[in-house]
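Some notes on the structure that comes next.
Numbering (our numbering), first residue to last: 51 to 480.
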């Protein structure tokens, strides 16, 4: 069958895309980047589109031509620089249901979440619930699947955050440790979708969660053991108020283009627990779903997983330090511009020396601020390296005495370049 997977290279969507291709279906994925889609699943066809702009049926018409089944695995946790929750999760799906009827789509499978409600205190849950209702009223053969916390070989979202926490050295921070959180392996989700397509199921609304109900604290410690990190010397109970403050910082980072897993929405969802009916889907289909330990046993646990967990934990610190270094350099340059210009007095005319200081300070400040904006982070890191090379080269000709300064201002530029290179490498988008 010809199948369209929305969010086809996302955490869940990619597993679904690959499973359907393995089952012999002709799959087209839809995502913002065709390049990323082709890199992730070259066997699939790809359409580059932004769901937040597909909020009327006309926009869907060319996409749905010849499509028999649509699977919605797209989602946005919270509004941000490039993300609009209502447009992606509700408005685009409402338009899809209308266009699907007109295009002759036979089946619509919606990946939702347990416990969503149109009266929820999170826009994520409210918009999911509204889309679920539209899917049920679409007149198409519909299936709604509600995965719990999805465990996957790919680290993203909630499981990415858990990996980072599990990599904490010496102590193990825990918050909401007694909250029940049911999990599901991503392959079980993909197999459920494939089963629904192959059997042409309709009218099923089911949670996809394992039969066990571990606590969030148990999950974090299980991840730590699975990754192969030593047992913590101490469990560090983090008050909710501290987590809420960190989530607010995550919200702010979202408006700079970042997608941190710890945000107000995810914290509220976790605080209320992630639980569902573990019996409904197995009873309806005969497909069993794995427990936490079985899911972890099926995931790779090698040096690369441990390295990722450590690097993901360190990355925010590295970014903030690098950005702060360049911002401070720029501000100090403006503040002490006369003193800085005097260092060049023997090599440049006074006006040129002052212009060089002001220009360099402005460039430093721009790099420091650019590092904080997600779409500009990697270009800013490259700019930091190039500007440092210019400073090093220029100092040889215009201020060679700085190389003999006991505080080593020029020598310190070399580790700063190494840090910028590390940030550039680690800031690659998924």
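Quick reminder that beta carbons are idealized off the backbone N, C-alpha and C, glycines included.
Mind checking residue 248: buried by the 16 CB within 10 Å criterion, or exposed?
exposed
Is the stretch 263-281 close to the stretch 303-311, with three or more CB pairs under 8 Å?
Counting C-beta pairs with one atom in each stretch, the stretch 263-281 and the stretch 303-311 have fewer than three that are closer than 8 Å, which means they do not touch.
Within a Cβ cutoff of 7 Å, which residues of the same chain sit near residue 369, ignoring the five residues on either side of it in sequence?
Excluding positions up to five away in sequence, the list reads 421 and 473.
CB-CB under 7 Å to residue 294, same chain, minus the five flanking residues each way: which ones, in chain order?
317
For residue 328, which option in 358, 258, 54 and 90 has the closest C-alpha, if you only look at C-alpha atoms?
Of 358, 258, 54 and 90, the residue nearest in Cα terms is 258.
Give me the Cα-Cα distance between residue 185 and residue 147, rounded to the nearest whole angstrom.
Rounded to the nearest whole angstrom, the CA to CA distance from residue 185 to residue 147 is 6 Å.
Return the chain-ordered list of same chain residues with a C-beta closer than 6 Å to the C-beta of residue 379, the five sequence neighbours on each side being excluded.
414
Beta-carbon separation (whole angstroms), residue 126 vs residue 108, contact threshold 8 Å:
About 22 Å; that fails the 8 Å criterion.
Cβ shell of residue 100 (< 7 Å), same chain only, five flanking positions each side left out:
82
Should residue 324 and residue 195 be called a contact, given that it needs their Cβ atoms to be closer than 9 Å?
No, Cβ-Cβ distance for residue 324 and residue 195 is not below 9 Å.
Contained alpha helix (DSSP H) runs [length at least 4] in the stretch 112-154, N- to C-terminal order
142-153
Exposure of residue 338, with buried meaning 16 or more beta-carbon neighbours within 10 Å:
exposed
Does the count of Cβ pairs from the stretch 157-177 and the stretch 103-121 closer than 8 Å reach three?
yes
Going by alpha carbons, who is nearest to residue 354 out of 217, 140 and 252?
217
Could you name the residues that DSSP lists as bridge partners for residue 76?
52
Should residue 315 go down as buried or exposed, given a rule of 16 or more other Cβ atoms within 10 Å for buried?
buried
Reduced DSSP secondary structure (H/G/I, E/B, other) of residue 192:
strand
Selection from 478, 470 and 312 that minimises the alpha carbon distance to residue 208
With distances taken between Cα atoms, residue 208 lies closest to 312.
In or out: residue 447 buried (at least 16 other Cβ within 10 Å) or exposed?
exposed
Which term fits residue 143, buried or exposed, when burial requires 16 or more other beta carbons within 10 angstroms of its beta carbon?
The residue in question, residue 143, is buried, as its Cβ has 16 or more Cβ neighbours within 10 Å.
Segment limits, alpha helix (DSSP H) that includes residue 387
For residue 387, the uninterrupted alpha helix (DSSP H) run begins and ends at 387-392, by DSSP.
Mind reading off the beta-carbon distance from residue 431 to residue 470? Whole number of angstroms is fine, and I expect it under 8 Å.
5 Å
For residue 100, three-class secondary structure by DSSP:
coil
Three or more C-beta pairs below 8 Å linking the stretch 230-250 and the stretch 338-348
These segments touch.
Assuming contact is defined by CB atoms lying nearer than 9 Å, are residue 383 and residue 408 in contact in what I supplied?
yes
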